[in-house]
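Engineer:
Number of protein chains: 2
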Amino acid sequence: MEKTKLKAFLPLFYLVWSDDLLTYKELTALREFIDNQPWLTEEEQSELLANINVANPPSREQLSKWKTEIEEAIQALPEAKDIFDISVWLSKNNKTIIDLEPVFSNLELTLGLSGEEALSQFKTFGNTFTSVHHTASSFDTQKLTEILDGPYAPIIKKVKSVISRPEFAYETSTEIEVYREKVYQWCKILADENFGNMAYPKAYGGGENIADYFAIMETLSYHDLSLVIKFGVQFGLWGMSVMFLGTEKHYKEYLKDIGSLKLPGCFAMTETNHGSNVKGIETTATYNHDTRTFTVHTPHLYAQKEYIGNAARHGQMATVFAKLIIDGKDYGVNAFVVPIRDKNGNVLNGVTISDCGHKMGLNGVDNGKISFNNVSIPKDNMLDRFASVNEAGEFESPIPSDNRRFFTMLGTLVGGRIGIPRSALSAAKSGLTIAITYGDQRRQFGPEGGSEVPILNYRMHQRRLIPLLAKTYAMHFGLQYLTNRFLQRTEEEMQEIEALAAGMKSYVTWSTRDILQECREACGGKGYLSENRIDALKNDTEIYTTFEGDNTVLMQLVAKSRLAEFRKTFEKMDSLGMLNYVYEQTKTVIMQKNPMATRKTDEAHLLDDTFHKNAFEYREKVILASAAKRLKKLIDGGLDAYDAFNVAQHQMLDVAQAYLDRLMLEQFQSAVNLIEDESVKVILGKLKQLFALSQIEKNKGWYLEEGYMEPVKTKAIRKLVNQLCWEIRTDAVPLVESFDIPDSCLAAPIAFL
Amino acid sequence: MEKTKLKAFLPLFYLVWSDDLLTYKELTALREFIDNQPWLTEEEQSELLANINVANPPSREQLSKWKTEIEEAIQALPEAKDIFDISVWLSKNNKTIIDLEPVFSNLELTLGLSGEEALSQFKTFGNTFTSVHHTASSFDTQKLTEILDGPYAPIIKKVKSVISRPEFAYETSTEIEVYREKVYQWCKILADENFGNMAYPKAYGGGENIADYFAIMETLSYHDLSLVIKFGVQFGLWGMSVMFLGTEKHYKEYLKDIGSLKLPGCFAMTETNHGSNVKGIETTATYNHDTRTFTVHTPHLYAQKEYIGNAARHGQMATVFAKLIIDGKDYGVNAFVVPIRDKNGNVLNGVTISDCGHKMGLNGVDNGKISFNNVSIPKDNMLDRFASVNEAGEFESPIPSDNRRFFTMLGTLVGGRIGIPRSALSAAKSGLTIAITYGDQRRQFGPEGGSEVPILNYRMHQRRLIPLLAKTYAMHFGLQYLTNRFLQRTEEEMQEIEALAAGMKSYVTWSTRDILQECREACGGKGYLSENRIDALKNDTEIYTTFEGDNTVLMQLVAKSRLAEFRKTFEKMDSLGMLNYVYEQTKTVIMQKNPMATRKTDEAHLLDDTFHKNAFEYREKVILASAAKRLKKLIDGGLDAYDAFNVAQHQMLDVAQAYLDRLMLEQFQSAVNLIEDESVKVILGKLKQLFALSQIEKNKGWYLEEGYMEPVKTKAIRKLVNQLCWEIRTDAVPLVESFDIPDSCLAAPIAFL
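Sequence order for the protein chains is A and B.
Taken in order, the first sequence gives residues 16 to 768; the numbers are from my numbering.
Taken in order, the second sequence gives residues 16 to 768; the numbers are from my numbering.
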């Protein structure tokens, strides 16, 4: 185009041809515009139209020439507000053009090219604030590691040094038998290091230190999880069932050999027909007065023991749960040790073992099914701490109720419900370490003219990973609390601690599932390659939400326990009216404390521990009172309790969830309060705030429904969550480094770019 | 106890010893109570206390005797309201006891045993309404299958008959090479059946029927997903890149052999450093004027082609995307066919191929990395539909902008973005069929005295699976719409259809991920066994959210396209003020239509199509306008566009999500409207309502924030979601049977109990 004034069209022409969002529709609009401008001569119109002829598009060179001219204009006009400013400059401030501002602006609007945004397509910034964000540690990672490890640092260090040895290199064979054998050999090494018998009495070669045993489980979980489960089956489920359900004679006979792995064994509770409803198992152990033996028998196919770890390949004995029958009378579920293989690994007569086959994960564990065809065992094989058959062949027990005895037996095994979430926690830490380290290095896309940007600088990527990092820290402290409560337990606290363990097991394993899912996606295709280990972490922990008690079932137990506590706290619960009163009271008391709080959005308030604590407690209490009210109403209305609980089942899960959220927050807050190092305290303080606010954000629907917050507040919280993610991002890598996971365990190449 | 009046204590004694929730604390409370009753003689007190002596608990027989007495009382008093009523009856209406009602009630409260709920512990109902719920089909499944299959019934039937043959028995070997070979052989059978070339021109042996090709992909996806992906790589990615990017000479040369699998090939686009940002790839194809060849070269390790299907084992050629260089000048990304192996499978000189190794899933597909060391190919190997090098060695293209040309090329490959979600849909259907069939049969727990109940009768189980079943139906109709739009596409619609495909691909693959996760957990331990196939379904589809475009990246493209549309629709978008106006207008117009609607909770309204449609549209429009406003504000405030989009990235995803939700609902609604069979229409109508309401429930926080609904309404919706789940449960099994998945494909033993 020769005429200067026509240059005003250059930016439009360029964008029409280059922008991948403009379509033929816009070309037509532009053509019509040119046709309809009275200030253009016919000749000028033809000249312009020639530039937007689909049959004869401008050459690549032409396009690039236009761009150069436009870029010149932009450099000359740093204050340009829209494309029209550029058009004017290109026309050399042609008066006609200047006067046409409304007309051009209108056209630009039609083309969707108005304002600075359209202009930005020509700017070459390079250094945006998104692209310059980067890792910059604000604290000493070693100090944080010390805080996390606490008094267990020595045993953690010892375990790490063992699993970092060359013989612990990961098994890559896809052959199940090769993998199982490797895991078995690893277990032997761990037994030789006295890790397996850590919890057993010193009298039987043990370390008498259950706290260290948990720390071992957790640390081993940075390594192969089949190893952890195999280890847990042998030394935890098998060994501890003997320890907690048996008596002196059993300890003497078995504990030392279990601890050294000389006697591999199983924990045979679950049956095909009875997974969650363990009370319903059908295997029988019938007492024979004459021979003073029990006959262990599987009455039908669906009563076989299923998913039993150590069964398919290595187990020589099993703790078998069976209904005790004496003289035709059923004395409820009791436990017996039953030999299943000889020393050479041959399955014994009367015992049938089959392999569960390939699983989604944990293929290094030899799960199998066991059934018994009238297998005879001596009377002494009954694990008789809570019940026994006396010399006269009569049933004896200090706990008369079968039900109560059964739950007391199960209660002694609560340790498993602590070991599993602690193992899950380590898997979550591994996943986050891999995904966050990768996100800090992996670059993709970037500002026009600039280099590509680490994907962890993208807000969505932060949103996906950093609140989960905060939650992982919360769970770390939550599980420490659970462990301490367990270690210092008294008889009266047992029911509370059992509910706590059941709840935390569910909370942590579900969270781990979500965390590893995000980690996989955050690592894209790399996350799908087995070499980067998210595959194994994710698939191995997948079953954690099911075994040691199905999470949904456990959460209902937690809710029931909360409801029972509630009834005890509020004495006058005999009428619905009173319950209503308590419910309203609960709400009012908290709300009245600070009536303006529902609309309060200043940062100091939103970041305040007390606000968080109140919000979590309010949710916990109101949901609990409301569930109690609902159940009462349903039952008073004639529903039987079973139906009523089913109708309100969804609410039951909320009761448990809110309780656990509050516990996690409480523990995170007190842990941060105890930190002495200032810079560690600051960063963990932010994580704690992020945990609190992202949980509130997740439940904003509830808070709004209850009128505890108004929209202006929930919106401010969303913004603050984004902001905290952005701020914490610079410390994200140091925060995962503080987990101090051995390189050989992480192993993922993408974690070492 | 001899004295009749003391029998009033029986129920309390029984519960203290039997109930697993009562603790020593309650025992103490009961002891103190007895100690403090002036109406009891000292002797009577001793007698009572003897029954709650921890050191000497009642025998099992004693407990059982108590229970029998209490049960007698309950049968005699069907109207009993609480435990005290029973106590009175047991005391034979002793006057002293009757007068003590307040005192006893108070004790019962303290023990948490007040009201009918406590009483229910003695009742033996057996038949609760929860336990009698069961499958009862309300419609003809075959009719529904016909509606789902529509015009594709013949090809679907044909594919099903092929994959049900004995040679398609699943491969169970964990050996990668065995599995890969099996998948390759299966592909050959499918090629022989003319499934592979279904979309190719008839002139080259094809079926010229892309619609059927999609139906083939979808139906094959009931079988092994490695097979589907291998099939898609060969006939879709490799074959269709030749078909859409090449010209006549390429068709003649390659298409027939590709369709028959005589020429296995790859689609080599992704590079290690450039997954999502494909425009940034670094492989070069340099034109040599003298020899009229291109030199294809990988400049460094991170520019190697990665994750390429068919590369590690079988591929002989590849469509390679590379920057075209002529005389030192870069002409953007173009496509070339490059031989990589000879007929005997030997890798050619200059080509280096390595194996991606074991993956989380899809191990029957031989993904590999390819790099080129100055590999020479003839000029004709450039796929030259959109750009070519002319006889004079000059670059020529009808599309001058490199950017636009690149996106036009990619646009022709949009079919992949339709095939993937349709494949995912089948996987979701398989998972739901397995989990729902199992849930209908598997029994666990039950009312006191009754038999165990199918787990699908539990509300949480319904909540977990049935809304996902509804969503699966919604997605089925949504993907049919996408396919039809694609089949009837015009040039002007292409950008919209590309965005639609990108969005649906993300929506459906993310949903499939969630669906299969719930299915796994819903099947408990059985879901973890590979034989039940959720393992494969889940792990194979895991990468669907990443490949063919990372979902998070695609959703942002969708949002950008929605924003561009928005700008075009509202012309006067030049000022923030105007945008604000439009935003408020959008909200007001809808709200004013029916100001009472925010509080309306009658069922007719909540179940109404128009209410659902309005709510979804409102959400879509307000989120879009609000995102536009936010971006404008950020950019006007001086942020560069790149930063602004990053700050608002979270909102971008909401924009896309709300758009897709609305589309899915719209398609579900119109599909149901077209159904003629009354009973099918009724059940799909319920599913459609459930889909709408459960999505609204999921977004209730947003609706409450915006004031579009008040708490009373969102709470009513939650209740209705539960109710719909309960109602649909009786048809849940027929609804998955209507998917009509071949038994041999489902294969899971738990789906055939």
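Idealized CB from N, CA, C, for every residue including glycine.
When the cut-off is 9 Å and only beta carbons count, does Q319/B lie next to chain A?
Structural biologist: Using a CB distance cut-off of 9 Å, Q319/B does not count as an interface residue toward chain A.
Engineer: Is R400/A close to chain B? Criterion is C-beta to C-beta, closer than 9 Å.
Structural biologist: no
Engineer: Quick one: is I414/B near chain A, going by C-beta distance under 9 Å?
Structural biologist: yes
Engineer: Is there at least one Cβ from chain B nearer than 9 Å to W32/A's Cβ?
Structural biologist: yes
Engineer: Can you tell me whether H289/A is buried or exposed, with buried defined as 16 or more other CB within 10 angstroms of its CB?
Structural biologist: Here H289/A is buried. Its C-beta has 16 or more other C-beta atoms within 10 Å.
Engineer: Does the CB of K701/A have a neighbour CB from chain B at under 9 Å?
Structural biologist: no
Engineer: Can you tell me the Cβ-Cβ gap for P72/A and Y657/B, rounded? I've got them flagged as a contact below 8 Å.
Structural biologist: Actually they are not in contact, since the Cβ atoms of P72/A and Y657/B sit about 28 Å apart, beyond 8 Å.
Engineer: Can you give the Cα-Cα distance for G295/B and V348/B, rounded to whole angstroms?
Structural biologist: 9 Å
Engineer: Between T301/A and V335/A, which are expected to be in contact by the criterion C-beta below 8 Å, what is the C-beta distance as a whole number of angstroms?
Structural biologist: That pair is no contact at about 13 Å.
Engineer: Could you pull the start and end residues of the beta strand (DSSP E) that L339/A belongs to?
Structural biologist: 332-341
Engineer: Would T156/B and S753/B be called neighbours here (beta carbons separated by less than 9 Å)?
Structural biologist: yes
Engineer: I'd like to confirm the pairing. Which residues does DSSP put opposite C281/B in its beta bridges?
Structural biologist: A333/B
Engineer: Say whether chain B places a C-beta atom closer than 9 Å to the C-beta of I49/A.
Structural biologist: Taking 9 Å as the CB threshold, I49/A stays off the interface with chain B.
Engineer: Is there a Cβ of chain B sitting closer than 9 Å to that of L36/A, yes or no?
Structural biologist: Caution is warranted here: a pLDDT of 47 is assigned to L36/A, below 50, making its placement in the model unreliable, and the coordinate value is therefore given only provisionally. Yes, L36/A lies at the interface with chain B (some Cβ there is under 9 Å from its Cβ).
Engineer: How should E186/B be labelled, buried or exposed, when 16 other C-beta atoms within 10 angstroms of its C-beta is the threshold for buried?
Structural biologist: The residue in question, E186/B, is buried, as its Cβ has 16 or more Cβ neighbours within 10 Å.
Engineer: Could you give the residue range of the beta strand (DSSP E) that holds P314/B?
Structural biologist: Boundaries for P314/B: no beta strand (DSSP E) harbours it, and the DSSP string shows neither H nor E there.
Engineer: Just to confirm the assignment, what range does the beta strand (DSSP E) spanning F351/B have?
Structural biologist: 344-354 is the span of the beta strand (DSSP E), which, as asked, contains F351/B.
Engineer: I'd like the span of the alpha helix (DSSP H) that includes P117/B, first residue to last.
Structural biologist: Under the DSSP assignment, P117/B falls in the alpha helix (DSSP H) whose first and last residues are 116-125.
Engineer: Between the segment 98-106 of chain B and the segment 116-127 of chain B, can you find at least three pairs of beta-carbon atoms closer than 8 Å?
Structural biologist: yes
Engineer: Apart from the five residues just before and just after Q77/A, which ones in its own chain have a Cβ nearer than 6 Å to its Cβ?
Structural biologist: none
Engineer: Under 7 Å Cβ-Cβ, which residues of chain B neighbour M475/A?
Structural biologist: Result: T567, Q664, H665, L668.
Engineer: Could you spell out the range, first to last residue, of the beta strand (DSSP E) harbouring P393/B?
Structural biologist: 390-393
Engineer: Looking only at C-alpha atoms, which of T613/B, S641/B, L569/B, W32/B sits nearest to R75/B?
Structural biologist: Nearest C-alpha to R75/B: W32/B.
Engineer: So what's Y322/B in DSSP terms, helix, strand or just coil?
Structural biologist: strand
Engineer: Which word fits S369/B, buried or exposed, when buried means at least 16 other C-beta atoms lie within 10 angstroms of its C-beta?
Structural biologist: exposed
Engineer: Between the segment 608-639 of chain A and chain B, which residues of the former have a C-beta closer than 8 Å to a C-beta of the latter?
Structural biologist: none
Engineer: Which partner residues does T301/B have in the DSSP bridge list?
Structural biologist: T310/B, I340/B
Engineer: Under 9 Å between the Cβ atoms of E41/B and L115/B?
Structural biologist: Not in contact: E41/B and L115/B (Cβ atoms no closer than 9 Å).
Engineer: DSSP puts P93/B in a beta bridge; with which residues?
Structural biologist: For P93/B, which the question treats as bridged, DSSP gives no partner whatsoever.
Engineer: Closest to Y228/A by C-alpha separation, out of L240/A, H238/A, F246/A, L377/A, would be which residue?
Structural biologist: F246/A
Engineer: By how many angstroms is the C-alpha of S129/A removed from the C-alpha of K358/B?
Structural biologist: 57 Å
Engineer: Name the DSSP bridge partner or partners of S386/A?
Structural biologist: T367/A
Engineer: Please give the ranges of any alpha helix (DSSP H) in the segment 209-287 of chain B, keeping only runs that are unbroken, at least 4 residues long and fully inside the region.
Structural biologist: 225-235, 240-246, 254-260, 271-274
Engineer: What's the call for Y317/B, buried or exposed, on a 16-neighbour Cβ count within 10 Å?
Structural biologist: exposed
Engineer: Decide yes or no for the touch test of the segment 423-442 of chain A against the segment 80-97 of chain B: beta carbon pairs closer than 8 Å, at least 3 of them.
Structural biologist: no
Engineer: For S61/B, does the count of other Cβ atoms within 10 angstroms reach 16, so buried, or fall short, so exposed?
Structural biologist: exposed
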